[in-house]
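> Residue numbers (the numbering used here): 46 to 297.
Every residue, glycine too, gets a C-beta built ideally from N, C-alpha and C.
My questions will all concern the structure given below.
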Amino acid sequence: MKLIACKDYKEMSKKAAKEILELVHSEKRCTLGLATGSTPEGVYKALVEDFNKGETSYKQVSSVNLDEYVGLTKDNPNSYHHYMKSNLFQHIDLPENQQLIPNGVANDLEVECREYEKTIAELGGVDLQLLGIGHNGHIGFNEPRTPFSSRTHVVDLAEKTRKANARFFSDITEVPAQAITMGIETIMESKKILLLISGKSKAEALSKLINGPIDESFPASILKNHPNVTIMADEEAMSLLEEEAVGRQHIL
Ligand code: PGA
């Protein structure tokens, strides 16, 4: 894993956007793996700013999102369909049929999971997967003790995750109990992974990722086995790391 130290959230977001844009410009027909949550909002803002300058087109790009809540329709303001539309898709020229997100209201969720895997395979896999990390080390909605061999599946959300995400809902009782998520093995098949970690509240997770063992109790730890992972973290997130790990760019 490579750790790129960033001063703050803004610098981290700009650097991550630059990396995505380099791929979009160099390989017009590529597949981006996208994430939701607070962390990537700044990246999407930077991509929209770039798009408005008129130098980038996403017509040849496909996107696959990591996850979606079960039971929320596309137009529900808390669905990840809605998040992606308002943060990114409505502002750029990525064709709608190339914006792929699991359908959380599919009649048969198991079939939906299998179809999602098929879609990713047909696209030739994910070229660059953007990831955030949960306080408990989850990636996508793969909660602690999800098998490293998991593929896209329906998951029961951990209470900690529902509480963390309750800030987007009017009440915790409205946070869905389940989600569809790409599996850990699915994520690990991405050619490149860009993991963004920002803020003091994520410092413990970053420290555990770097210093802890590879174990299913901390899903993100498997990323140590991936040949091409870049972590971009800001100073607050790095506050619990040993000095030597925090060069401007450090191979771990
Ligand atoms: P956050 O979520 O970006 O909203 O902190 C990240 C995650 O839970 O994966």
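Indicate whether at least one CB of chain D lies closer than 7 Å to the CB of LYS130.
Absent from the structure is chain D; it holds one protein chain and no more.
> Just the Cα atoms here: how many angstroms apart are TYR161 and VAL115?
On the sequence shown, residue 161 is found 116 positions in, with the first residue counted as 1. On the sequence shown, residue 115 is found 70 positions in, with the first residue counted as 1. Looking at the two C-alpha atoms, the distance is approximately 14 Å.
> What ranges does the beta strand (DSSP E) occupy inside the segment 198-282, keeping only unbroken runs of at least 3 residues that lie completely in it?
198-201, 223-226, 237-242 and 274-279
> Specify the secondary structure class of GLN135 as computed by DSSP and reduced to three states.
Counting from one through the sequence shown, the residue named residue 135 turns up at place 90. DSSP places GLN135 in helix when its eight states are reduced to three.
> Between ASN181 and ALA203, which are expected to be in contact by the criterion C-beta below 8 Å, what is the C-beta distance as a whole number of angstroms?
Your numbering for residue 181 matches position 136 in the sequence shown. Your numbering for residue 203 matches position 158 in the sequence shown. A Cβ-Cβ separation of about 6 Å places ASN181 in contact with ALA203 under the 8 Å criterion.
> Considering only heavy atoms of the ligand PGA, does any lie closer than 6 Å to the CB of GLY87?
The sequence position of residue 87 within the sequence shown is 42, counting from 1. No, Cβ of GLY87 sits at least 6 Å from all heavy atoms of the ligand PGA.
> Three-state secondary structure (DSSP) at LYS104?
Start at 1 with the first residue of the sequence shown, and residue 104 comes out as number 59. LYS104 falls in the coil class under three-state DSSP.
> With a CB to CB cut of under 6 Å and the five nearest residues on each side skipped, what residues in its chain are close to GLN144?
In the sequence shown, residue 144 corresponds to position 99, counting from 1. Non-local C-beta neighbours of GLN144 in its own chain, meaning closer than 6 Å and more than five positions away in sequence, comprise SER108 and PHE134, ordered along the chain.
> Any heavy atom of the ligand PGA closer than 6 Å to the beta-carbon of THR226?
Within the sequence shown, residue 226 is the residue found at index 181, counting from 1. For the ligand PGA, not one heavy atom lies less than 6 Å from the Cβ of THR226.
> Once you ignore the five residues that flank LYS312 on each side, which residues in its own chain have a CB closer than 6 Å to its CB?
Outside the displayed span of the chain (46 to 297) sits residue 312, for which this structure offers no information.
> Could you check whether the Cβ of SER252 sits closer than 6 Å to any heavy atom belonging to the ligand PGA?
Here residue 252 refers to the residue found at position 207 when the sequence shown is read from its first residue. Because no heavy atom of the ligand PGA lies under 6 Å away, the Cβ of SER252 does not count as near it: no.
> Could you tell me if the beta carbon of SER195 falls within a distance shorter than 6 Å of some heavy atom in the ligand PGA?
Walking along the sequence shown from the start, residue 195 turns up at place 150. Not under cutoff, so the answer is no.
> For the ligand PGA, enumerate in chain order all residues having a CB closer than 5 Å to any of its heavy atoms.
GLY82, SER83, THR84, GLY177 and GLY179
> Between MET233, GLU167, ASN187 and ILE65, which lies nearest to THR206 when the distance is taken from Cα to Cα?
Counting from 1 along the sequence shown, the entry for residue 206 is found at position 161. Nearest C-alpha to THR206: ASN187.
> Cα separation between PHE263 and HIS183?
Locating residue 263 in the sequence shown gives position 218, where the first residue counts as 1. Locating residue 183 in the sequence shown gives position 138, where the first residue counts as 1. Between PHE263 and HIS183, the C-alpha separation is close to 7 Å.
> Would you grab the beta carbon distance between SER235 and GLY78 for me? Rounded to a whole angstrom, and I think it's under 8 Å.
Against the sequence shown, residue 235 aligns to sequence position 190. Against the sequence shown, residue 78 aligns to sequence position 33. With a Cβ gap of about 6 Å, SER235 and GLY78 count as contacting.
> Here's the rule I'm using: 16 or more other beta-carbon atoms within 10 Å means buried, otherwise exposed. How should GLU287 be labelled?
To locate residue 287, count along the sequence shown from 1; it is residue 242. Exposed is the call here.
> Select from ALA166, SER71 and MET129 the residue whose C-alpha is nearest the C-alpha of THR101.
Within the sequence shown, the letter at position 56 stands for residue 101. Closest by alpha carbon: SER71.
> So PHE213 and ASN148 are supposed to be a Cβ contact under 8 Å. How far apart are they, rounded?
Looking up residue 213 in the sequence shown gives position 168. Looking up residue 148 in the sequence shown gives position 103. At roughly 20 Å, the Cβ-Cβ gap does not stay under 8 Å, so PHE213 and ASN148 are not in contact.
> Under the rule that 16 or more other beta-carbon atoms within 10 Å means buried, what is LYS73, buried or exposed?
As a first step, residue 73 is located in the sequence shown; it is residue number 28 there, counting from the start. Flag for LYS73 reads exposed.
> Between the Cα of SER284 and those of HIS271, PRO258, ILE267 and LEU251, spot the shortest distance and give me the residue it belongs to.
Looking up residue 284 in the sequence shown gives position 239. Looking at HIS271, PRO258, ILE267 and LEU251, the one whose alpha-carbon comes closest to that of SER284 is LEU251.
> What residues match up with GLU113 in a beta bridge as DSSP calls it?
Mapped onto the sequence shown, residue 113 falls at position 68. GLU113 is bridged to ILE225.
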